[in-house]
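A.B. asks: Just so we're on the same page, our numbering is the position in the sequence shown counted from 1, plus 62.
Heads up, the beta-carbon is just placed ideally off N, CA and C, and yes, glycines get one too.
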Amino acid sequence: MVIRSKKKLYRYLFFYRSFLCYFVTFRTTLKDSTSKSIIQALNIKGRYQRIYYVIDTLCDQIDDYYKNNNMCKFCKGQCICHRTLGYPYQNGCCRKCSYQSSHGCTTKNFACKMFYCSYVDSSIKKLKYKDLGLLKILTPIQRLVLKSEYFATIEEVSKDLFLGPFIAAFTENYRAIKVFFSHKNS
Numbered sequence: 063m064v065i066r067s068k069k070k071l072y073r074y075l076f077f078y079r080s081f082l083c084y085f086v087t088f089r090t091t092l093k094d095s096t097s098k099s100i101i102q103a104l105n106i107k108g109r110y111q112r113i114y115y116v117i118d119t120l121c122d123q124i125d126d127y128y129k130n131n132n133m134c135k136f137c138k139g140q141c142i143c144h145r146t147l148g149y150p151y152q153n154g155c156c157r158k159c160s161y162q163s164s165h166g167c168t169t170k171n172f173a174c175k176m177f178y179c180s181y182v183d184s185s186i187k188k189l190k191y192k193d194l195g196l197l198k199i200l201t202p203i204q205r206l207v208l209k210s211e212y213f214a215t216i217e218e219v220s221k222d223l224f225l226g227p228f229i230a231a232f233t234e235n236y237r238a239i240k241v242f243f244s245h246k247n248s
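What follows is the structure in structure tokens.
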């Protein structure tokens with residue numbers, strides 16, 4: 063099936079991602095990268111693999127958007143917020159995450175990449191959810207879960223979205239409690 067209109071692509075996306083189009087291979091004549099990535103996601107027929115692809119690609123798009131922008135204005139390991147407030151914390155908002163290393167994050171996490179503290183929020187032109195067209199591949203409930211999955215690996219988030227919102231809510235709370243108690247003792 064060849065998609066020639068961006069308007070039709072978005073209008074019938076709910077149908078294109080359904081089981082009724084499982085054996086359909088999508089192609090497009092559209093030139094924009096968002097439409098091409100949506101078509102590529104639609105051609106991934108395994109649900110888990112599609113979710114993983116969407117998260118991975120979205121994280122790459124966010125990284126590309128901020129590639130030449132030190133939005134947290136790190137200096138000697140401290141962000142602008144903690145330097146201004148006089149806190150001794152290193153690595154800013156990520157300081158409590160177990161996936162934080164001296165070279166940055168060791169995994170890809172959409173929720174973390176889209177988080178902006180008040181200092182960053184007022185100083186840069188930030189990327190918004192509506193700017194990320196590939197998010198439309200996910201259901202509204204999956205998008206809601208994806209936006210709140212902090213301190214998790216891409217594999218954990220993909221698994222949560224694959225298993226459903228009730229399992230995701232349970233595992234999100236479990237991870238939050240685990241992070242809270244692991245840092246309360248230290």
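Tell whether a beta-carbon distance below 7 angstroms holds between A173 and K209.
C.D. replies: yes
A.B. asks: Quick test of your reading: Y181 and I142, contact by CB under 8 angstroms. State the CB separation rounded to the nearest angstrom.
C.D. replies: Going by Cβ atoms, the distance from Y181 to I142 rounds to 5 angstroms, so yes, they are a contact pair.
A.B. asks: Taking the DSSP output, what are the residues bridged to C137?
C.D. replies: Q140
A.B. asks: Could you tell me which residues DSSP pairs with T90 in its beta bridges?
C.D. replies: The partner list for T90 (beta bridge, DSSP) reads I65.
A.B. asks: Please report the distance separating the alpha-carbon of T90 from that of L189.
C.D. replies: 26 angstroms
A.B. asks: For R66, which residues from the same chain have a beta carbon less than 8 angstroms from its beta carbon, with the 5 sequence-adjacent residues on both sides left out?
C.D. replies: T90, T91 and L92
A.B. asks: Mind checking T146: buried by the 16 CB within 10 Å criterion, or exposed?
C.D. replies: exposed
A.B. asks: Could you pull out every residue in the same chain whose Cβ sits closer than 6 angstroms to the Cβ of A103, ignoring the five residues on either side in sequence?
C.D. replies: If you ignore the 5 residues before and after A103, its C-beta comes within less than 6 angstroms of the C-beta of R112, Y115, V116 and I199, all in its own chain and listed in chain order.
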